[in-house]
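All remarks here apply to the structure that follows.
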């Protein structure tokens, strides 16, 4: 080869190398896993003694958020997560009742675009498995039915398996695969069925669409009531909670401090006032509560096993390194009691054992208080126990953090802007003929890269419970109750109310909350039908005494 030819070859090789080095990294796959009614401390890497090795392994290889927030309840959180808007902006200011459109409607509105719609337009394949619960899925799945406007496959998902809400884990209904109604089989268990179908979708993706990135949104119903688990998963935990919720809270809080979630001088909130002291309960009652917690633990254990199987499927299709995995919960643990017997839909058959097919038991206030350690209140409330969620983020190719914490506050409204940035696409002003509401959240990519997000304002409202956080200051109130003020940098458990000492700060944050409420479409709760709630023999929010 002549000198000139060799020189030309060297130049070509250098140009090729420069071209390769300048090529953008491939866009990540996204696996977004959502648990249902899981408390802040319910997995091992957030303080519990439950066997969650797969989630713990994700945390050890990634990043854990200590101050990540949901919207206090299932439907509002799912609407906010999917659309990147606050729940009221998305049309789900409460649940799915058309009380006061557009902010209180029977599903996400025409002003919204889901993550799946935007990622699919950007070239992703999109899959939804599990609980949907933002409208459009009921007994009739006909594609052109008005109620089907919000069916997952009409909202950007290429494939879908699951149910509109929750229900009996052994006989879930309604149940669909894509656009067809299906029935649960004889040996059905919802958590395993969700895992099975997530794995099937991933296997098909690896076989038929490997050249495209995927977005898989896996929504387990575990550990939402009814407390249903497989016998082997229950047996693993029988007797392990006989020490009771008071001791369990202390154990979990000690573990959280050991892990570094909270400083050594942090304080644990008092037992929920509606819960009795464990030592004061009769032995038979303590045995029943021990069993309930064993069932609850078994549900979480089974979900973790499923997460492990899904992660194995990601690895088998060669996508492990470049898959962004996120795990979080839709709200804090539930303190609700629900028993509609003799209506079997949500009724507990007398004599049936907790965890079995014909049972309908709930976690209730004592154990929910432990699940939300160290925070106050529960699902539906805007104190930290209702809105705080564990968030694990793992992305081997994109996150240098390994087993670290971030104390940057984040919210489910931040997930859509994060995914759009990673996908290299923008949030549009219109989608087809629909004008879209601008996104209020921020991309979390700086946080994933170890950079600060800066001070921000976040706000909440659900059933008249309300809160606003500006920097480390949080103003919060229960429905019809007075505003309480907390400095979360020193008081995450909301123990020292500073409202009397800081009237100017209360006034400032009250104005900030009202400005937000007016902007997103909050209607005062006392003007809506749900304000008529009174505890009764079939349903109580958190163990309130029955009216005489």
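In the working numbering, the protein residues as written are 70 to 617.
From the three backbone atoms N, C-alpha and C, an ideal C-beta is built for every residue, glycine too.
Item                                                                                                                : Value
Residue 321 classed as buried or exposed, judged by whether at least 16 other C-beta atoms fall within 10 angstroms : buried
Three or more C-beta pairs below 8 Å linking the stretch 355-372 and the stretch 292-302                            : yes
Alpha-carbon spacing of residue 237 relative to residue 426, whole angstroms                                        : 7 Å
Sub-8 Å separation of residue 315 and residue 358 beta-carbons                                                      : no
For residue 604 and residue 514, the rounded distance between their alpha carbons                                   : 44 Å
Backbone secondary structure at residue 200 - three-state DSSP                                                      : strand
CA-to-CA distance, residue 562 to residue 609, given in whole angstroms                                             : 24 Å
6 Å CB neighbourhood of residue 173 in its chain, flanking five on each side removed                                : 162 and 163
Whether residue 289 touches residue 105 by CB criterion (8 Å)                                                       : yes
Proximity to residue 340 [Cα-Cα], best of 256, 128 and 441                                                          : 441
For residue 272, the three-state DSSP class (helix, strand or coil)                                                 : helix
Sequence-distant residues of the same chain with beta carbon closer than 6 Å to residue 101, five excluded per side : 286 and 395
Entirely enclosed alpha helix (DSSP H) segments - the stretch 527-563, minimum 4 residues                           : none
Buried or exposed by the 16-neighbour rule on C-beta atoms within 10 Å, applied to residue 503                      : exposed
Buried/exposed call for residue 480, threshold 16 Cβ in 10 Å                                                        : buried
Cα-Cα separation, residue 473 to residue 461                                                                        : 10 Å
Residue 485 classed as buried or exposed, judged by whether at least 16 other C-beta atoms fall within 10 angstroms : buried
Start and end residues, alpha helix (DSSP H) containing residue 456                                                 : 453-456
Beta-carbon proximity check, residue 564 vs residue 554, cutoff 8 Å                                                 : no
Segment contact, 8 Å Cβ cut-off, at least three pairs: the stretch 148-157 with the stretch 117-135                 : no
Proximity of residue 375 and residue 264 at Cβ, strictly below 8 Å                                                  : yes
The alpha helix (DSSP H) enclosing residue 369, as first and last residue numbers                                   : 352-385
Host alpha helix (DSSP H) of residue 491 (start-end)                                                                : 484-492
Proximity test, residue 354 beta-carbon vs the ligand NAP heavy atom, cut-off 7 Å                                   : Questions concerning the ligand NAP fall outside what the structure shown contains, since it holds no ligand whatsoever.
Beta-carbon gap between residue 500 and residue 262 smaller than 8 Å                                                : no
Runs of alpha helix (DSSP H) wholly within the stretch 410-486 (minimum 4 residues, chain order)                    : 433-440 and 453-456
Residues bridged to residue 297 (per DSSP)                                                                          : 424
Alpha carbon of residue 451 to alpha carbon of residue 398, nearest angstrom                                        : 15 Å
Between the CA atoms of residue 142 and residue 592 - distance to the nearest angstrom                              : 17 Å
Range covered by the alpha helix (DSSP H) that runs through residue 322                                             : 313-328
Beta-carbon spacing of residue 177, residue 203 below 8 Å                                                           : yes
Helix, strand or coil at residue 310 according to DSSP, with G and I counted as helix                               : coil
Whole-angstrom C-beta distance between residue 437 and residue 402, which should lie under 8 Å                      : 4 Å
Burial state of residue 476, where buried means 16 or more other Cβ atoms lie within 10 Å                           : exposed
8 Å contact criterion, which residue 232 and residue 407 should meet: CB distance rounded                           : Actually they do not touch by this definition, with Cβ atoms about 18 Å apart.
Within 8 Å, strictly: CB atoms of residue 392 and residue 98                                                        : yes
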